[in-house]
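Sequence lines, in order, name chains A and B. In this note's numbering, each residue carries its 1-based index in the first sequence increased by 127. In this note's numbering, each residue carries its 1-based index in the second sequence increased by 114. Beta carbons: idealized from backbone N, C-alpha and C, even for Gly. Fair warning: this is a prediction, and the values are worked out from it, not measured in the lab.
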Amino acid sequence: EDQVTQSPEALRLQEGESSSLNCSYTVSGLRGLFWYRQDPGKGPEFLFTLYSAGEEKEKERLKATLTKKESFLHITAPKPEDSATYLCAVGRGSTLGRLYFGRGTQLTVWP
Amino acid sequence: DAGVIQSPRHEVTEMGQEVTLRCKPISGHNSLFWYRQTMMRGLELLIYFNNNVPIDDSGMPEDRFSAKMPNASFSTLKIQPSEPRDSAVYFCASSLDENQPQHFGDGTRLSIL
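Here it is in structure tokens:
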């Protein structure tokens, strides 16, 4: 069965303390992997798409990387406003219409 | 630019009642998605449309759920009759096409008593 697992479930960081979130997947025929950010009471907000192993994308303090089995979201010198739940999702097969989401990592950055 | 608009934001109703959730996708987007998010199961795709045509409804839990997209700017998700286990946050998302990133609305929090 296809599976997307995110770890850790929750992460607390002090402001400026860099770390990484992990998304491992067992889907066959990966077509794309997405990272989203979700704030309480809001819908997921798109961050990145990665399509092939070795690919990297960056946005401000965030950097996403992809290997054949997992993806990492690196957060450099986080700020309290980076606090949110980070979701990864994978798509396989002929389209990216059906995405399989992980349960997310709840990140808290304290000053 | 206006994002995906969902209504209502909150709905509380009694078991057995009909519930209708509404979604207006981003203008120009050709794909529309309905998701359900619960603590137990996370975020799950229910159904998605391309150019107003349902493409994948394998996530629709049972016949009590139905979704329509009568035109490019409006979609509904209907539950009839509703049950307490349907309580969840329902999200609508849209994208330029099914291979582009999906953009989510802020959801409808549904409580069935």
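- Collapsing the DSSP output to three states places E208 of chain A in a helix.
- A Cβ of chain B is located within less than 8 Å of the beta carbon of R225 of chain A.
- Beyond the five residues adjoining it in sequence on each side, N166 of chain B comes within less than 7 Å, by CB distance, of M183, N185, A186 in the same chain, given in chain order.
- Residues of the segment 203-227 of chain A with a C-beta less than 9 Å from any C-beta of chain B: L214, A216, G218, T222, L223, G224, R225, L226, Y227, listed in chain order.
- Looking at the DSSP output, V203 of chain B bridges to B:Q151, B:R223.
- As the crow flies, the alpha-carbon of D177 of chain B is around 10 Å from that of P195 of chain B.
- E197 of chain A and N149 of chain A have their C-alpha atoms roughly 7 Å apart.
- The beta carbon of D170 of chain B falls within 8 Å of a beta carbon belonging to chain A, placing the residue at that interface.
- Assignment of beta-bridge partners to I161 of chain B by DSSP yields B:W148.
- For T203 of chain A, same chain residues with a beta-carbon under 6 Å away, outside a window of 5 residues either side, are S145, R188 in chain order.
- Contact annotation for T176 of chain A against chain B: Q214, P215 [CB-CB distance below 9 Å, chain order].
- Closest in C-alpha terms to E185 of chain A, from the list A:H201, A:G170, A:Y178, comes A:H201.
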